[in-house]
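All you need for this note's numbering is the position in the sequence shown, starting with 1, plus 714. One structure is given here, and the rest of the page talks about it.
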Amino acid sequence: MNGDDLALLASLRAGDAAALEALMRRYSSRMYRLAYGITRNQADAEEVVQDVFVTIVRKGQTFEGRAALGSWIYRVTTNAALNKRRGKRLELETSLEEHLPGFDADGHREGDRAWVLADWSATPEHELLAGEARAVLHRALDALPGHYRAVLVLRDVEELSNEQVAQIVGESVASVKSRLHRARMALREQLTRQLGSKA
């Protein structure tokens with residue numbers, strides 16, 4: 715596929731509109747998922763995808779081929795989505811620390827006893843992805859700081875490797891693993907707080 719991508723990019727550089735259409739068919743749905751996962755807004759995600767394709771047309775000449783074209787497209791999409799999210803001054807992202815579990819001095823978990831005992835892990839996936847649970851999950855995702863959300867989407871939605879994610883976000887693999895772990899913990903904590911007492 716990398717050879718196909720490079721051939722399409724070469725055709726695009728030569729002014730072939732069909733090459734752009736082929737790249738759009740190949741990448742637009744993945745780009746949209748990533749952009750939506752970061753911006754959490756349909757219109758913003760659509761705008762990011764459009765902006766990225768404009769960037770591909772304008773800056774495709776500068777692509778050196780040191781990484782796969784798909785990785786470069788993911789990187790441009792991630793940066794555009796993070797910039798779009800940063801531009802939303804009215805939306806408040808809270809500190810990740812507020813979403814993580816707390817612990818007493820003796821090492822026991824703080825909070826409602828139902829949170830500690832809750833085991834909603836056996837809840838069927840269709841229940842977790844429907845109704846109230848879906849709303850809780852969306853609110854928890856919305857509250858994650860952008861860089862945590864980007865790593866979570868790239869790793870858990872797009873199913874990229876830690877190495878690929880590190881290359882896309884420009885961080886070390888260790889940093890990606892740490893951010894991913896903390897983002898997952900924050901999501902689990904929010905689900906536990908909201909749904910644990912009902913499990």
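C-beta: ideal position from N, C-alpha, C; glycine also.
> Rounded to whole angstroms, how far is the Cβ of GLY774 from the Cβ of LEU720, which I believe are closer than 8 Å?
Replying inline: Taking the first residue of the sequence shown as position 1, residue 774 is located at position 60. Taking the first residue of the sequence shown as position 1, residue 720 is located at position 6. Not quite, the Cβ-Cβ distance comes to about 11 Å (not below 8 Å), so this is no contact.
> Out of curiosity, what's the CA-to-CA distance linking PRO859 and ALA728?
Replying inline: Along the sequence shown, read from residue 1 onward, the residue named residue 859 stands at position 145. Along the sequence shown, read from residue 1 onward, the residue named residue 728 stands at position 14. Approximately 40 Å between the Cα atoms of the pair.
>> Any contact between the segment 891 to 911 and the segment 766 to 780? By contact I mean 3 or more CB pairs, one from each, below 8 Å.
In response: no
> Under three-state DSSP, which class holds LEU894?
Replying inline: As a first step, residue 894 must be located in the sequence shown, where it is residue number 180. Reduced to three states, the DSSP call for LEU894 is helix.
>> Within the continuous alpha helix (DSSP H) that includes ASN797, where are the two ends?
In response: Indexing the sequence shown from 1 puts residue 797 at position 83. Run containing ASN797: 783 to 800, per the alpha helix (DSSP H) assignment.
>> Between ARG896, GLY884, LEU905, which has its C-alpha nearest ALA781's C-alpha?
In response: Stepping through the sequence shown from its first residue, residue 781 is reached at position 67. Ranking ARG896, GLY884, LEU905 by Cα distance to ALA781 puts GLY884 first.
> Just the Cα atoms here: how many angstroms apart are GLU778 and MET899?
Replying inline: One-based indexing of the sequence shown puts residue 778 at position 64. One-based indexing of the sequence shown puts residue 899 at position 185. Approximately 38 Å, taken between the alpha carbons.
>> Residues in the same chain with beta-carbon distance under 8 Å from GLN756, minus the five sequence neighbours each way, listed in chain order, please.
In response: The residue labelled residue 756 in the question sits at position 42 within the sequence shown. If we look at GLN756 and ignore the five residues flanking it on each side, its Cβ neighbours are TYR750.
>> Only counting the same chain, and skipping five residues up and downstream in sequence, which positions put a Cβ closer than 6 Å to that of ILE787?
In response: Reading the sequence shown from its first residue, position 73 is the one you call residue 787. TYR741, listed in sequence order.
>> Using C-beta distances below 6 Å, list every residue in its chain close to ARG869, excluding the 5 sequence neighbours before and after it, in chain order.
In response: The sequence position of residue 869 within the sequence shown is 155, counting from 1. Within the same chain, ARG869 has close Cβ partners VAL879, LEU894.
> Of the choices ARG902, ALA849, LEU734, ASP856, whose alpha-carbon is the least far from that of ILE752?
Replying inline: Within the sequence shown, residue 752 is the residue found at index 38, counting from 1. Out of ARG902, ALA849, LEU734, ASP856, ASP856 has the C-alpha closest to the C-alpha of ILE752.
> Just checking my contact of ILE901 with ALA854 at CB under 8 Å: how many whole Å lie between their CB atoms?
Replying inline: Stepping through the sequence shown from its first residue, residue 901 is reached at position 187. Stepping through the sequence shown from its first residue, residue 854 is reached at position 140. Correcting the residue identity first, residue 901 is Leu in this sequence and not Ile. Indeed, because the Cβ distance is near 5 Å, the residues count as touching under 8 Å.
> Can you tell me whether ASP730 is buried or exposed, with buried defined as 16 or more other CB within 10 angstroms of its CB?
Replying inline: Locating residue 730 in the sequence shown gives position 16, counting from the first residue. The residue is exposed, with fewer than 16 neighbouring Cβ atoms inside 10 Å.
> What separation, rounded to the nearest whole angstrom, lies between the Cα atoms of SER725 and GLU846?
Replying inline: In the sequence shown, the residue the question calls residue 725 occupies position 11. In the sequence shown, the residue the question calls residue 846 occupies position 132. Roughly 48 Å between the two C-alpha positions.
>> Give me the residue from ALA794, ALA759, HIS861, VAL763 with the minimum Cα distance to LEU737.
In response: Your numbering for residue 737 matches position 23 in the sequence shown. For LEU737, the nearest C-alpha among the options comes from VAL763.
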